[in-house]
Amino acid sequence: MSLRALIFDVDGTLAETEEAHRQAFNETFAAGGLDWHWSVSDYTQLLRTTGGKERMRRYRDGLGFRDPADAAIALMHQRKTARYGEIVAGGGLALRPGVRALIDVARSAGLRIAVATTTNRPNVEALSRACWGKPADAVFDVIAAGDEVSAKKPAPDVFALALARLDLPPEAAIAFEDSENGLRSAKGAGLRTLVTPSTYTARDDFSAADWVCRDLSAAHLPDALRF
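46 is the number that our numbering gives to position 46 of the sequence shown; each next residue is one higher, with no gaps.
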């Protein structure tokens, strides 16, 4: 079957966003009087758990505490999401090399563009407005977000949701990821997957990927993406 859609992860794949997320977490912790501070090393390990609330619970549990309770963590995560949006809106976030051109060329070739991400819809919106100057619905035909599925990556649910909304079988699309958990999710949904390792995921295992590229610049793309 011919290629009809490209499905992108967001954080680390479209843009190197994780430092902005880490900053937002730490500022939210401080504003809430919580003596947590996630270093780069801490966050590298925590990223192995997908989902912001899930990372916070994992960190709390690792400390052997019961507080903050899950309800308080959910509220803090809402505040963190708002702070992340402010940070991104302030400038300094850029798409990774080749992303914009690939999406433009794919659209010109009649392909549809989708997102399948663990992050929530407001974060997709913030990135779209910061990097494209447009709302997310004007950039992507389909958005499948982590808070819309019961199991986050590495489960295949969010990619399966994107495919369902595209009304396409997996062989008609290619997924783009930057992490091992994302790769496992995409492959679990039956998708061919191209990985561009990011700053926080460079040491992940990508042996199951169909392609591993430095970035999405035209010179690095496989033949399947030369339209």
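Ideal Cβ placement from N, Cα and C applies to all residues, glycine included.
Keep in mind it's a predicted model, so treat the numbers as computed, not measured.
Point to revise | DSSP state of L95 mapped onto helix, strand, coil | key: Taking the first residue of the sequence shown as position 1, residue 95 is located at position 95. In this structure, L95 counts as strand in the three-state DSSP scheme.
Exercise for review: Compare the C-alpha of A30 against each of M76, F8, R55 and name the closest.
Suggested key: Counting from one through the sequence shown, the residue named residue 30 turns up at place 30. That would be M76, whose Cα lies nearest to the Cα of A30.
Check your understanding: Cα-Cα, which of R184, Q45, F176 is closest to L102?
Key -> Position 102 of the sequence shown, counting from 1, holds the residue named residue 102. Residue F176 is the option with its Cα nearest to L102.
Point to revise | Counted within 10 angstroms of its Cβ, other Cβ atoms place L161 as buried (16 or more) or exposed | key: Taking the first residue of the sequence shown as 1, we reach residue 161 at position 161. So L161 counts as buried.
Review point. Mind checking G64: buried by the 16 CB within 10 Å criterion, or exposed?
Key: Walking along the sequence shown from the start, residue 64 turns up at place 64. Classification of G64: exposed, given that the 10 Å Cβ count is below 16.
**Study point:** Residues that DSSP places opposite R231 in a beta bridge
**Key:** Past the boundaries of the shown model lies residue 231; the chain is included only from 1 to 227, so the question cannot be answered.
Check your understanding: Can you name, in chain order, every residue of its own chain whose Cβ lies under 7 Å from the Cβ of G12, other than the five neighbours on each side?
Key -> Position 12 of the sequence shown, counting from 1, holds the residue named residue 12. So the qualifying residues of the chain are E18, D178, S179, S198, Y200, T201.
Check your understanding: If you check the beta carbons only, do T28 and R112 fall under 8 Å apart?
Key -> Mapped onto the sequence shown, residue 28 falls at position 28. Mapped onto the sequence shown, residue 112 falls at position 112. Not closer than 8 Å, so no.
Exercise for review: Using DSSP bridges, identify the partner residues of F29.
Suggested key: Stepping through the sequence shown from its first residue, residue 29 is reached at position 29. Note: F29 sits in no beta bridge, so no partner.
**Study point:** Three-state secondary structure assigned by DSSP to R60
**Key:** Mapped onto the sequence shown, residue 60 falls at position 60. Reduced to three states, the DSSP call for R60 is helix.
**Study point:** Through-space distance from K152 to V212, alpha-carbon basis
**Key:** Working through the sequence shown from its first residue, we reach residue 212 at position 212. Working through the sequence shown from its first residue, we reach residue 152 at position 152. Approximately 23 Å between the Cα atoms of the pair.
Exercise for review: Using the Cα positions of D137 and R107, report the straight-line distance between them to the nearest angstrom.
Suggested key: Position 137 of the sequence shown holds residue 137. Position 107 of the sequence shown holds residue 107. Computed Cα separation, rounded: 14 Å.
Review point. According to DSSP, which residues form a beta bridge with V195?
Key: Start at 1 with the first residue of the sequence shown, and residue 195 comes out as number 195. E177, V212.
Check your understanding: Contact check, I143 vs L6 under 8 Å by CB: the rounded distance?
Key -> Residue numbering aside, residue 143 sits at position 143 when the sequence shown is read from its first letter. Residue numbering aside, residue 6 sits at position 6 when the sequence shown is read from its first letter. Not confirmed; about 13 Å, so no contact.
Check your understanding: Are the segment 164-174 and the segment 39-46 in contact at 8 Å, needing three or more beta carbon pairs?
Key -> Contact annotation: the segment 164-174 does not touch the segment 39-46, with fewer than three C-beta pairs closer than 8 Å.
Practice item. Take A209 and list the residues in its own chain whose beta-carbon comes closer than 6 Å to its own, dropping the five residues that flank it on each side. Key: Taking the first residue of the sequence shown as position 1, residue 209 is located at position 209. So the qualifying residues of the chain are L183, T193, V195.
**Study point:** Euclidean distance between Cα positions of V45 and D223
**Key:** For the purposes of this step, residue 45 is taken as residue 45 along the sequence shown, with counting starting at 1. For the purposes of this step, residue 223 is taken as residue 223 along the sequence shown, with counting starting at 1. Looking at the sequence shown, residue 45 is not Val but Gln. Spanning the two alpha carbons is a distance of roughly 34 Å.
Point to revise | Contact check, A15 vs L95, beta carbons under 8 Å | key: The residue labelled residue 15 in the question sits at position 15 within the sequence shown. The residue labelled residue 95 in the question sits at position 95 within the sequence shown. In this structure, L95 lies closer than 8 Å to A15 by Cβ.
Review point. Just reading off the alpha helix (DSSP H) that A89 is part of, what are its end residues?
Key: For the purposes of this step, residue 89 is taken as the residue at position 89 of the sequence shown. Residues 70-89.
Check your understanding: Can you list, in chain order, the residues of its chain whose CB lies under 6 Å from that of G93, leaving out five sequence neighbours each side?
Key -> Here residue 93 refers to the residue found at position 93 of the sequence shown. The residue you asked about is not Gly; residue 93 is Leu in the sequence shown. Here the set comprises A15, A130.
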